[in-house]
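Chains as they are written, first to last, in my numbering: chain A, 112 to 542; chain B, 77 to 305; chain C, 562 to 832; chain D, 6 to 335.
Glycine included, each C-beta is placed from N, C-alpha and C at the ideal position.
What you are looking at is a predicted structure, and each value in this text was computed from that prediction instead of being measured.
All remarks here apply to the structure that follows.
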């Protein structure tokens, strides 16, 4: 049924009421197209048979259960639909749900459900009320609630009510069991990380990390800049201080700053985020201090540009073409600007090292830069360079977690292949 | 005080947010924390504007190289700020007062946005079309096996989006329809691409979880380092 | 007069000339007509200034770049101020301020002073270093970083980790399998055929696993391990190629948008 | 056969100077000049590369500009092939009931607008045709202006729309993921009022909306972060809301892992937008050919693709020739 046909019948009284009901249900629930087909049939019926009809059969078996995994204030109402209309009985359009704090009422309408074509199917309504006592739809927790379901028809005088349900309570749960898989993994991973942090502290830097081409190139690039007497451009990207990629990049920046100070060249760090800017300043200053040349650090080496993506890019582009750095290092979060920066760098003839965990931008760096750290490699790079037990241990834990996943994935695929769907299902978090 | 309080704030905030995921009654508390976060993030914009002004005014007053351009920045900043903060020329001001929509049609703020910020960001972004051409020409060469795989996969996707590819493989009979370019490119995108994306995604997710864990446990303090402590 | 003065003056004259050309003298609302003319004229000139960067760095580009930086910073400040401070916080803080800013007062929520206080602490960064209170901003920083970490951790675990693994696991390696004989006799390479379906699932499973192997850092990539990781790189390269190829599309459409503006609205040479 | 190929709707615009199918007012002569320049340029680039000399970057830039400009000026229109990924969004909206509520989040800025604004407009038009109620919001500070533009664009077709009953605009909140995480469970805590200070409770269409799942459908149109990925992570995953998305072409491949489990459809770049426009035009013929913004983009885009493929081929030919030369001399 199309919308036009429904509205064109508005002038006709029963049809109008029908449309009102239809809209009401439509608003409360996105009902299936089936409902509207039913409604069409009824419009024709109602328009030809104006004689009063009998009320429909009452819905039954109203049961109320507490909704799982929430903080209370919600219950789930299940009921069976009215039986198919007998002679003279009006067709049921839908069901209204009423709630009360006492068996005898007063009743408050809380919602509605459209009827299903298959009248043998039972219907479910989730009554989720407000948790605020003053709010209009407040639903008290741990108080007896009574529910009643009313089958409604096109005629507002023709309806029938179900029996009142047994009392039920909305209870708040202290644990969301639907998220157990997530919880177990958090637990597992936390223990794994703590264990490897201990191991790393004991064994120091004897833990092996495979070399990363991009990182080995950094030292080389600094040397080249020194020979050419040109500065190094270090771009931290568009991340904020809470982005993992940016935090990883800080570690590398510290190391680069130290090297740069040792080799007596310059590093330029234009920043996008004001908070990142302040941290970057500290990092570079500390790097110069560690190299024993705190006097060589100038405040305008690390500067804030602006917090607008393309304005920032415009400014960095300008820097690349005006200062002609020998090496451009882009490590951190990057978005659309990745290729603009990398190509401008190529115009200036700089050596370029890039790394990001922003998957969409990796292709551009891979194509346009000399070395690229892909995703997790960026995180690993900071551990590889810093060789701090903390980072090494965390990396180890990640590797073991990955190993577990690979094994689980293979197992899971085999299990699904053999028809044990439950294995893969166990990993699905609900709600 | 300089070290302990940030540390306590970190641990408390982190724990509330993580535990609220599993303990429904804490949901409200989590919402509150996140509302605070929303309001605080605006102050980062203020910090940004302030830092920008500080740096550029210093440049102007000390007449460093290019101070004229710094002046352009400062003037642009103040004009936009005035139009926005006082909602100048906003047609809705007559009825809604200061509650008027900042971006109402005809307001000077929106007009200046359309005149300056919109074309600048769109032009800056569209430079990519040129750069993507030069990057393709310069870097898409079959230098080694990796580069060849990259090249071939990009080329198939490009072909799949043009009629050239569709026409070139249109003759193929149905039983080899997999090799029709439009199908092949769709397959690359939806299957082979998915495999790689998923591998990277899982790795990154692990990295993020690991780093977040260290932050919440108070082990990782890079963001709190430095300063006059 | 030197070039430094001549060029800006000449540019301004050209700009005003163009503005007059675009101005609709018969418009009823002349202030809006002026804005309309200004929007088109400025839009065109600024676009050309940015495009001039493709030739080389020049004063016009520099001007556009600096203007952009200033305007955008102020833009974000205004938007943030009205949306989060005025519309979100003030209706819960003070009836007086709400009325002054024409906002409805929605009842006190005293805890909303917490973020305001934290925010002000963050701004201590702007004060001169000599005051030595910049470290107070670390409190805010701690809050921001911790909230993001808390949010990222569970969200990533769920959407990008557990969901991705479970949807990899549930891929059937032998879809529509009815026996080896059927498979051989019905074998073809059609897009929707059984073999291709099977191939797809194999590619995903093997691709994900070998990709993960490539991201192993604590083991040397030699021997069979190295070969699997090699396969992983290839999978990644296919991914990057596909992304690159697909992205070209978006990038060109941005240029089309700009050129359409230049030709139609600014220069008026197409309809 | 060849003649038929030339006359087919696919090719004939390419040869618009020959068949004078020029639509855009510049006239065949200009188009001719453009195409001659283009062919000459491509030939020159080819010759240079064959000779083993690098072509200067600026020439490539110029060629790219010429290609797209030529295509824009001649107004090539190409047929669009529909895909099921986009179809899903259209069907979902088509099957919603009158009065259902749709949340439309526009998370982009003017730079992404050529790709994404057509999606926002087409989806809005479709929803309003179906008499659905739209709530606009944005996670980007610049999105407020985009919403204003979309509403301006659709108003002429629906003069009888009433604010607050048929559509509303809650505007922007700073806070990225934090905004999403809260609205997944409590919409009003983040948006107590709409964009011009009206309390949400007093807007008739917002009664009964307490959280994101109360919207029958969410369409997130975005070009970066925060965007579709964040919508999936912070709204769809925890609350189970139904979502479709419109992504910039650059982020579309990255979003495939979420389809179809976490989002039931996706429009990728201007191609996705033009598919949606095509479906909308077929269902509602009043949206004529001339107003399809994304479809206009597809022609120039195809020509640019061909140009890029030529560049890649030339570059590789020269690379192999150089290698051979080196091999011969060694």
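Relative to the C-alpha of residue 744/C, which candidate in 733/C, 756/C, 605/C, 709/C has its C-alpha closest?
Along the third chain, one-based indexing puts residue 744/C at 183. If we check each option's Cα against that of residue 744/C, 756/C comes out closest.
Check residue 780/C in the structure and name its three-state DSSP category.
Here residue 780/C corresponds to residue number 219 of the third chain, with the count starting at 1. DSSP places residue 780/C in coil when its eight states are reduced to three.
Quick one: what's residue 252/D bridged to in DSSP?
Position 247 of the fourth chain, counting from 1, holds the residue named residue 252/D. BP columns for residue 252/D point to 227/D, 273/D.
Interface residues of chain D around residue 594/C at Cβ under 7 Å?
Within the third chain, residue 594/C is the residue found at index 33, counting from 1. Chain D residues near residue 594/C: none, gap ~17 Å exceeds 7 Å.
Here's the rule I'm using: 16 or more other beta-carbon atoms within 10 Å means buried, otherwise exposed. How should residue 287/D be labelled?
Within the fourth chain, residue 287/D is the residue found at index 282, counting from 1. Residue 287/D is exposed by the Cβ-count criterion.
Can you name the residues of chain A whose CB is closer than 7 Å to the CB of residue 106/B?
Start at 1 with the first residue of the second chain, and residue 106/B comes out as number 30. Here the premise fails: no neighbours, minimum Cβ distance about 11 Å.
Let me see if you follow: with CB-CB separation under 8 Å, is residue 318/D close to chain C or not?
On the fourth chain, residue 318/D is found 313 positions in, with the first residue counted as 1. Not closer than 8 Å to any Cβ of chain C, the Cβ of residue 318/D fails to qualify, so no.
Measuring CA to CA, which of 449/A, 235/A, 194/A, 534/A is closest to residue 178/A?
Within the first chain, the letter at position 67 stands for residue 178/A. Minimum Cα distance to residue 178/A is reached at 235/A.
Just to confirm before moving on: does the CB-CB distance between residue 551/A and residue 342/A stay below 8 Å?
Residue 551/A cannot be examined here, being either before or after the span of chain A that is shown, 112 to 542.
Alpha carbon to alpha carbon, how far is residue 497/A from residue 507/A? Give it in angstroms, no decimals.
As a first step, residue 507/A must be located in the first chain, where it is residue number 396. As a first step, residue 497/A must be located in the first chain, where it is residue number 386. So the two alpha carbons sit approximately 15 Å from each other.
Under a three-way DSSP split, which group does residue 324/D fall into?
Here residue 324/D refers to the residue found at position 319 when the fourth chain is read from its first residue. The answer is helix: DSSP assigns residue 324/D an H, G or I state.
DSSP on residue 480/A, reduced to helix/strand/coil?
Numbered from its first residue, the first chain carries residue 480/A at position 369. Reduced to three states, the DSSP call for residue 480/A is coil.
Once you ignore the five residues that flank residue 166/A on each side, which residues in its own chain have a CB closer than 6 Å to its CB?
Sequence index remark: in the first chain, residue 166/A carries index 55 (1-based). So the list reads 269, 271, once near-sequence residues are dropped.
Secondary structure at residue 654/C, three-state DSSP: helix, strand or coil?
Translated into the one-based positions of the third chain, residue 654/C becomes position 93. In this structure, residue 654/C counts as coil in the three-state DSSP scheme.
Roughly how far, in whole angstroms, is the beta-carbon of residue 762/C from the beta-carbon of residue 732/C, given that I think they are within contact range, below 8 Å?
Stepping through the third chain from its first residue, residue 762/C is reached at position 201. Stepping through the third chain from its first residue, residue 732/C is reached at position 171. Their Cβ separation, rounded to whole angstroms, is 4 Å, which keeps residue 762/C and residue 732/C in contact under 8 Å.
Taking the beta carbon of residue 482/A as the centre, do at least 16 other beta carbons fall within 10 Å, making it buried, or is it exposed?
As a first step, residue 482/A is located in the first chain; it is residue number 371 there, counting from the start. Buried: at least 16 other Cβ atoms inside 10 Å.
Would you tell me roughly how many angstroms separate the C-alpha atoms of residue 274/D and residue 795/C, rounded to the nearest one?
Counting from one through the fourth chain, the residue named residue 274/D turns up at place 269. Counting from one through the third chain, the residue named residue 795/C turns up at place 234. Their backbone Cα atoms lie some 26 Å apart in a straight line.
Measure how close the beta-carbons of residue 362/A and residue 298/B come, nearest whole angstrom, since I'm counting them as under 8 Å.
Sequence index remark: in the first chain, residue 362/A carries index 251 (1-based). Sequence index remark: in the second chain, residue 298/B carries index 222 (1-based). Between residue 298/B and residue 362/A the Cβ distance is about 7 Å, and since that is below 8 Å, they are a contact.
Between which two residues does the alpha helix (DSSP H) harbouring residue 211/B extend?
In the second chain, the residue the question calls residue 211/B occupies position 135. Start and end: 194-215.
Quick one: list the residues of chain B neighbouring residue 66/D, beta-carbon separation under 8 Å, in chain order.
For the purposes of this step, residue 66/D is taken as residue 61 along the fourth chain, with counting starting at 1. Residues of chain B passing the Cβ test: 206, 209, 210.
Closest to residue 226/D by CA distance: which of 50/D, 107/D, 66/D, 79/D is it?
Here residue 226/D corresponds to residue number 221 of the fourth chain, with the count starting at 1. If we check each option's Cα against that of residue 226/D, 107/D comes out closest.
What residues are listed by DSSP as bridge partners for residue 211/A?
Translated into the one-based positions of the first chain, residue 211/A becomes position 100. Partner(s): 257/A.
Find the nearest neighbour of residue 202/B within the set 597/C, 825/C, 818/C, judged by alpha-carbon distance.
Counting from one through the second chain, the residue named residue 202/B turns up at place 126. Ranking the options by Cα distance to residue 202/B, first place goes to 818/C.
Specify, as a first and last residue, the run of the alpha helix (DSSP H) that residue 237/A falls within.
Residue mapping note: residue 237/A aligns to position 126 of the first chain, counting from 1. Looking at the DSSP string, residue 237/A is not in any alpha helix (DSSP H); the run it does join, the beta strand (DSSP E), is 233-239.
Going by beta-carbon coordinates alone, are residue 174/A and residue 276/A separated by less than 8 Å?
Numbered from its first residue, the first chain carries residue 174/A at position 63. Numbered from its first residue, the first chain carries residue 276/A at position 165. Closer than 8 Å, so yes.
Helix, strand or coil for residue 748/C per DSSP?
Residue numbering aside, residue 748/C sits at position 187 when the third chain is read from its first letter. In the structure shown, residue 748/C sits in coil (DSSP, three-state: anything other than H, G, I, E or B).
Am I right that residue 772/C and residue 275/B are in contact with their C-beta atoms under 8 Å? What's the rounded C-beta distance?
Residue mapping note: residue 772/C aligns to position 211 of the third chain, counting from 1. Residue mapping note: residue 275/B aligns to position 199 of the second chain, counting from 1. Confirmed, Cβ separation roughly 2 Å.
With the cut-off set at 8 Å, would you say residue 187/D and residue 107/B are in Cβ contact?
Counting from one through the fourth chain, the residue named residue 187/D turns up at place 182. Counting from one through the second chain, the residue named residue 107/B turns up at place 31. Yes, these two residues count as a Cβ contact at 8 Å.
Leaving aside the five residues before and after residue 142/D along the sequence, list all residues of the same chain whose C-beta is less than 6 Å from its C-beta, in chain order.
Counting from one through the fourth chain, the residue named residue 142/D turns up at place 137. Excluding sequence neighbours, residue 142/D sits near 110, 175.
Closest by CA to residue 289/B, which one among 713/C, 780/C, 699/C?
Position 213 of the second chain, counted from the first residue, corresponds to residue 289/B. With distances taken between Cα atoms, residue 289/B lies closest to 713/C.
Using a Cβ distance threshold of 8 Å, determine whether the region 611-618 of chain C contacts the region 135-148 of chain B, with at least three qualifying pairs required.
With the cut-off at 8 Å, the region 611-618 of chain C and the region 135-148 of chain B do not touch.
When the Cα atoms are used, what is the spatial distance from residue 495/A to residue 503/A?
On the first chain, residue 495/A is found 384 positions in, with the first residue counted as 1. On the first chain, residue 503/A is found 392 positions in, with the first residue counted as 1. When rounded, the distance between both Cα atoms is 7 Å.
Does the region 366-377 of chain A come within contact of the region 325-333 of chain A, defined as at least 3 CB pairs closer than 8 Å?
These segments touch.
So residue 125/D is in the alpha helix (DSSP H); what residue range does that whole segment cover?
On the fourth chain, position 120 is the one that residue 125/D refers to. From DSSP, the alpha helix (DSSP H) with residue 125/D extends over 118-134.
Can you tell me whether residue 138/D is buried or exposed? The criterion is at least 16 other CB atoms within 10 Å of its CB, across all chains shown.
Counting from one through the fourth chain, the residue named residue 138/D turns up at place 133. It is buried - the Cβ of residue 138/D has at least 16 other Cβ atoms within 10 Å.
Please check if any C-beta of chain D sits within less than 8 Å of the C-beta of residue 356/A.
Mapped onto the first chain, residue 356/A falls at position 245. For residue 356/A, the answer is no, since every Cβ of chain D falls outside 8 Å of its Cβ.
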